[in-house]
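J.: Would you mind keeping the following structure in view while I ask a few things?
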Amino acid sequence: MDTKWRKSEEARPEEEMDTLGIYNGIAEDGHTGEHTNEHTDEALPESAAEPGTEALETDQGQENTQLGLAAKLHDDVTPPSEDTGETQRLGERKYLHDVSVTASPKPRKSRPFAAWLCFVLGMTLISLCTVGAFVGLVWSQGNWESMKSLVTDYKSSLPFKARTSRYFSALFYYITSLTSDIEPGSQSDPASDAENHVLRHSLLDNEGENLKYFAIEIGSGLTIANIDGNLSSVIGEDNMPILPPGYDYCWYFDGKEVWVFDHGKPVDIRRLDSGYRGLVPDPVTDWVRRSGNPDDLASIRVLLAVKNVLVPNPYGYSDYYYEQRTLAIAGRLYFGVLAAGVLMFAYGVIKRRDKHIFDRKLAAWSGRLWFEVKVFLSLLVALVAYGVLYASWDWYSYVHWWSWLPIPVLISAGILLFALFWFYMMLADLIINRKRFFSHNSVNSLLTLYRNYEKKYPWQKMMLSRVYALIIAEAVLCLLAVIFILGFFGGSALLALLSLLLVALGVFLLYRYLRRYSETVNDLGRLVDHIRRIKDGDMETKLLVAADSDIHEAAQNLNTIQEGMSRAVREKLKSERMKVDLITNVSHDLKTPLTSIVSYVELLAKEEGLPPNARDYVAILAQKTERLRHLIQDLFDLAKATSDNIVLDLNKLDLARLINQALADMQESIEDSGLAFRVKLPDEPVYIVSDGAKLSRVLQNLISNTLKYSLLGSRVFIDLEVQGKEALVTIKNTANYEMDFDEEEILERFVRGDRSRSTEGSGLGLSIAKSFTEACGGRFAIKIDGDQFKVELRFQLAG
């Protein structure tokens, strides 16, 4: 082989290991989690695995399958021969490299995190926008006009109308307080009210060019204004306002009621959809409440006009201008954040498979925390989030809402974002880890450590030590609970709480022990049932128990024994089939030449003029040939009986008559044997359903066997009786040799009872009789008692 090609082959595994390393890195990042046995619904022990690996391993398996395909493509490419040019070798190397790159692309580790981050941020931003809209609606007491502030023109928004109402009320209270004759310092002193409402020139003058106002008491001529001119230049003869250029929006009090003008047209402020509900004051009613004389307002005129285009005030802080700018920024920010949230959420949904990978990694990390730690941290996060939100709302009570946005709201949003992330992680942990979310706690972890410790001892000692440990633990908990309860009577509520926790812990430990004990008893019952199934011949079903079961090792050992027995049975059956096949093939191969031998022996016997010794030889040949023919026929019968190809001719027949017929056919042999046969048959027929020819062969084999192996001069008993719904045939004789074998051994093929005999018999008679009896629907049994040899045949009576 070419040296360069060999080097390329040796370097290739390193490249494949580099490719595999990327996937293994992903697996190592999330290789923690609970493994479950899906077929048995039994959870593996907590110490065996961490949560979150089931789906990770599935994904890794798919990726590694692709890598295996690439490696197989590498191996399937035939290396070039020695006479191949360098150009061809380089081309094949490039092909191998292209196949490897195509079959196993390297995914970026950042994709699952990006999909997860987009989903969580999108969901969080959408939630924040929804909660913000709901809070705004609640804060405005259900006024939908407040929800339009972010999308409508500033001068059509609720904040603008509310601020204008505040300015107008301040101006009105200011002019009325200066013209009032109420004693200063009284509870209804307008000056006090004005002072309580922060009525100062600076409140209005901070708006600069954005606000023009004119307030006058016609009787005294007292005027508060930043508009140049007198009453006639501001209020027309029709008692309607004359607005300066660039000011098309105004509020005006004509001495009786308040008017709102927009672009020179009065606004119907009484309509529910006008947006002025609860904002326009009622000066007359309020004045009557304070002074009791509504006629005093007839000489009051108040005008407040807002500039069409708001501009900043270089000499003060214009609330109009900055509120308009803040609402514009807030509107763009709100809908921008909402749009970004929708886009990120949609991307997370589209890439949900990648997101699930990171969810499992996140659940694997959070799954390592005890349940108590999760509860404590969740309560802490909830309390901190509530405290920060409450403090932010309290901050809002002291400052303007637009100045409330930048710092406290951002802090609150950050805390809320973290809280949402935490509870999302807990939800993912609960969904992915399921029961382990609750079961992975400090108590179970300690119990797992104890179980690992007790496995060092024998099974009996382990079970006893568990009981002793429970008794000691319960005694200690009871003692501590009594001490804490006594402390509670001394006035300590904390000790009472601790005592309740100790009682709960004691009950939990007792429950865990009883549950574990019940599981062990059930597993032991399954073990006993499985042993019974093995006894009944079931070698395929395995005993499956949980990996943390107390009898797991015993179950594994029993499964190993069962597998060994099953393998031995298969080997035995295989050997039997091979033996039957050998017998069939050998007997078939012997049958043809035997037929020729029989024919030639018969021809020799018919020859005339043979010398006497030659005729003796022919007689011996004829005798041995006949014996060989019977042996081959027995082999055929045995092969046929042990196979499933035997053909039966089942008919209703009289078993007593069949026995008499078999005895009659062998009458000559019986008389020459010197044995005394005692036959006991019922007078009435005994009908069974069987194959008469094969059953007759069984009876002949058994009678022939008694003739060969019975003690000379002894008796042979043949009985037929009816027992319930069965017919029982018994053949009993006394052996002429010492029977040093058992019932199973004598039924094996080619086994002879008297091993010292070297003539006659093939060792197949009983085996053929047993096979034919069972094929005909009966049962065959042998019983040995000293020198007594007994065969029993049982058949179901015909219905």
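Residue numbers (the working numbering): 1458 to 2256.
Just so you know, even glycine gets a beta-carbon here, dropped at the ideal spot from N, CA and C.
(1) Could you check where the beta strand (DSSP E) with R2251 kicks off and where it finishes?
(2) So, using beta-carbon positions, are F2174 and R2114 closer together than 8 Å?
(3) Determine the direct distance from the alpha carbon of R1789 to that of S1622, and round the result to whole angstroms.
(4) Who are the near neighbours of T1581 in its chain, counting only those whose CB is closer than 6 Å to its CB and skipping five residues on each side?
(5) Determine the direct distance from the alpha carbon of I2040 to that of L2250, and round the result to whole angstroms.
(6) Rounded to whole angstroms, what's the CA-CA distance from K1992 to M2022? Just pull it up for me.
(7) Between Y1624 and L1761, which are expected to be in contact by the criterion C-beta below 8 Å, what is the C-beta distance as a whole number of angstroms?
(8) Return yes when the Cβ of V2248 is within less than 8 Å of the Cβ of I2239, no when it is not.
(9) Can you check DSSP and say which residues form a bridge with A1672?
(10) For E1911, collect the residues of the same chain with a Cβ closer than 7 Å to its Cβ; drop the 5 residues on either side in sequence, then sort them by chain order.
(11) Between I2127 and T2082, what straight-line distance do the alpha-carbon atoms span, to the nearest angstrom?
(12) For I2077, which option in A1932, G2066, D2091 and I2054 has the closest C-alpha, if you only look at C-alpha atoms?
(13) Less than 8 Å between C-beta atoms, sequence neighbours within five positions excluded: which residues of the same chain meet that for T1544?
(14) Taking just the CA atoms, how far does L2152 sit from Q2253?
(15) Could you give the DSSP three-state label for F2198: helix, strand or coil?
(16) Suppose you measure from the CA of T1680 to the CA of N1687; what does that come to, to the nearest Å?
(17) Taking only the alpha-carbon atoms, compute the straight-line gap between A2025 and K1808 and give it to the nearest angstrom.
(18) Under 8 Å between the Cβ atoms of F1576 and V1900?
(19) Name the residue from V1592, A1627 and L1585 whose alpha carbon lies nearest to the alpha carbon of V1737.
(20) Taking the C-alpha atoms as reference points, what is the distance between P2069 and L2088?
(21) Output the distance between the C-alpha atoms of N1979 and N2014, rounded to the nearest integer angstrom.
(22) Could you check if P1738 belongs to the surroundings of the ligand NAP, using beta carbon to heavy atom distance under 7 Å?
(23) Can you grab the Cα-Cα spacing for the pair Q2019 / N1909, in whole Å?
(24) If you draw a straight line from the alpha carbon of W1708 to that of D1811, how long is it in whole angstroms?
(25) Between which two residues does the beta strand (DSSP E) carrying N2257 extend?
(26) Looking only at its own chain, which residues have a Cβ that is under 7 Å from the Cβ of M1882, when we skip the five neighbours before and after it?
(27) From this set, E1714, C1586 and V1592, which residue's C-alpha is nearest F1629's C-alpha?
(28) What is the DSSP secondary structure of E2183, counted as helix, strand or coil?
(29) At which residues does the beta strand (DSSP E) containing Y1974 begin and terminate?
(30) Thinking C-alpha only, which one of P1569, L1661 and L1615 is nearest D1730?
(31) Thinking C-alpha only, which one of P1702, G1693 and H1813 is nearest W1573?
(32) Can you give the beta carbon distance from G2131 to G2181, rounded, assuming they're within the 8 Å contact cut?
(33) Pair every Cβ in the stretch 1761-1774 with every Cβ in the stretch 1659-1668, then say whether three or more of these pairs are closer than 8 Å.
(34) For the candidate residues V1724, G2234, L1966 and E1674, whose alpha-carbon lies nearest to that of S2155?
(35) Shortest alpha-carbon distance to Y1631 belongs to which of L1795, V1759 and G1676?
(36) Going by other Cβ atoms of all chains shown within 10 Å of its Cβ, with 16 needed for buried, is G2210 buried or exposed?
T.: Looking at the atomic coordinates:
(1) The residue you call residue 2251 lines up with position 794 of the sequence shown. Run containing R2251: Q2245 to Q2253, per the beta strand (DSSP E) assignment.
(2) Taking the first residue of the sequence shown as 1, we reach residue 2174 at position 717. Taking the first residue of the sequence shown as 1, we reach residue 2114 at position 657. Contact flag unset, no.
(3) As a working mapping, residue 1622 is identified with position 165 in the sequence shown. As a working mapping, residue 1789 is identified with position 332 in the sequence shown. The straight-line gap from Cα to Cα measures roughly 26 Å.
(4) Counted from its first residue, the sequence shown places residue 1581 at position 124. Cβ neighbours of T1581 beyond the five flanking positions: L1874 and L1877.
(5) Along the sequence shown, one-based indexing puts residue 2250 at 793. Along the sequence shown, one-based indexing puts residue 2040 at 583. Cα to Cα, L2250 sits roughly 27 Å from I2040.
(6) Indexing the sequence shown from 1 puts residue 1992 at position 535. Indexing the sequence shown from 1 puts residue 2022 at position 565. Straight-line Cα distance between these residues: approximately 11 Å.
(7) In the sequence shown, the residue the question calls residue 1624 occupies position 167. In the sequence shown, the residue the question calls residue 1761 occupies position 304. The C-beta distance from Y1624 to L1761 rounds to 6 Å, short enough to fall under 8 Å.
(8) Along the sequence shown, read from residue 1 onward, the residue named residue 2239 stands at position 782. Along the sequence shown, read from residue 1 onward, the residue named residue 2248 stands at position 791. Yes, the pair counts as a contact, with Cβ atoms nearer than the cut-off.
(9) Translated into positions along the sequence shown, residue 1672 becomes position 215. Paired residues: I1681 and V1759.
(10) Stepping through the sequence shown from its first residue, residue 1911 is reached at position 454. Closer than 7 Å at Cβ, skipping near neighbours: M1919, S1922 and R1923.
(11) On the sequence shown, position 670 is the one that residue 2127 refers to. On the sequence shown, position 625 is the one that residue 2082 refers to. Each residue's alpha carbon lies about 23 Å from the other.
(12) Residue mapping note: residue 2077 aligns to position 620 of the sequence shown, counting from 1. Measuring from the Cα of I2077, the nearest candidate turns out to be I2054.
(13) Translated into the one-based positions of the sequence shown, residue 1544 becomes position 87. Its pLDDT being 43, under 50, T1544 is placed unreliably in this model, and the coordinates cannot settle the point.
(14) Residue mapping note: residue 2253 aligns to position 796 of the sequence shown, counting from 1. Residue mapping note: residue 2152 aligns to position 695 of the sequence shown, counting from 1. Approximately 14 Å between the Cα atoms of the pair.
(15) In the sequence shown, residue 2198 corresponds to position 741, counting from 1. F2198: coil per DSSP, three-state reduction.
(16) Position 223 of the sequence shown, counting from 1, holds the residue named residue 1680. Position 230 of the sequence shown, counting from 1, holds the residue named residue 1687. One C-alpha to the other measures close to 9 Å.
(17) Walking along the sequence shown from the start, residue 2025 turns up at place 568. Walking along the sequence shown from the start, residue 1808 turns up at place 351. If I take the Cα positions, the gap works out to 54 Å.
(18) The residue you call residue 1576 lines up with position 119 of the sequence shown. The residue you call residue 1900 lines up with position 443 of the sequence shown. No. Outside cutoff.
(19) Counting from one through the sequence shown, the residue named residue 1737 turns up at place 280. Nearest option by C-alpha distance: A1627.
(20) As a first step, residue 2069 must be located in the sequence shown, where it is residue number 612. As a first step, residue 2088 must be located in the sequence shown, where it is residue number 631. Distance between the alpha carbons of P2069 and L2088 is about 29 Å.
(21) The residue you call residue 1979 lines up with position 522 of the sequence shown. The residue you call residue 2014 lines up with position 557 of the sequence shown. Rounded to whole angstroms, N1979 to N2014 spans 18 Å at the Cα level.
(22) In the structure shown, the ligand NAP is absent, as is every other ligand, since no ligand is present at all.
(23) Locating residue 2019 in the sequence shown gives position 562, counting from the first residue. Locating residue 1909 in the sequence shown gives position 452, counting from the first residue. Each residue's alpha carbon lies about 28 Å from the other.
(24) Taking the first residue of the sequence shown as position 1, residue 1708 is located at position 251. Taking the first residue of the sequence shown as position 1, residue 1811 is located at position 354. Distance between the alpha carbons of W1708 and D1811 is about 60 Å.
(25) Not covered by the structure: residue 2257. The range shown for the chain is 1458 to 2256.
(26) As a first step, residue 1882 must be located in the sequence shown, where it is residue number 425. Excluding residues within five positions, the ones whose Cβ falls inside 7 Å are L1819 and S1823.
(27) Position 172 of the sequence shown, counted from the start, is the residue given in the question as residue 1629. If we check each option's Cα against that of F1629, E1714 comes out closest.
(28) Looking up residue 2183 in the sequence shown gives position 726. Three-state DSSP puts E2183 in a strand.
(29) Looking up residue 1974 in the sequence shown gives position 517. No beta strand (DSSP E) contains Y1974, which is instead part of the alpha helix (DSSP H) from A1950 to K1992.
(30) To locate residue 1730, count along the sequence shown from 1; it is residue 273. The candidate whose alpha carbon is nearest that of D1730 is L1615.
(31) Position 116 of the sequence shown holds residue 1573. For the residues P1702, G1693 and H1813, the minimum Cα distance to W1573 belongs to H1813.
(32) Sequence index remark: in the sequence shown, residue 2131 carries index 674 (1-based). Sequence index remark: in the sequence shown, residue 2181 carries index 724 (1-based). G2131 to G2181, Cβ: 37 Å. No contact.
(33) yes
(34) Working through the sequence shown from its first residue, we reach residue 2155 at position 698. At residue 2155 the sequence reads Val, which differs from the Ser that was named. It is G2234 whose Cα lies nearest to the Cα of V2155.
(35) The count along the sequence shown starts at 1 and reaches residue 1631 at position 174. Comparing Cα positions, the closest option is V1759.
(36) Here the question's residue 2210 lines up with position 753 in the sequence shown. Residue placement at G2210 is flagged as unreliable, the pLDDT there being 49, under the threshold of 50; the coordinate-derived value follows with that caveat. Buried.
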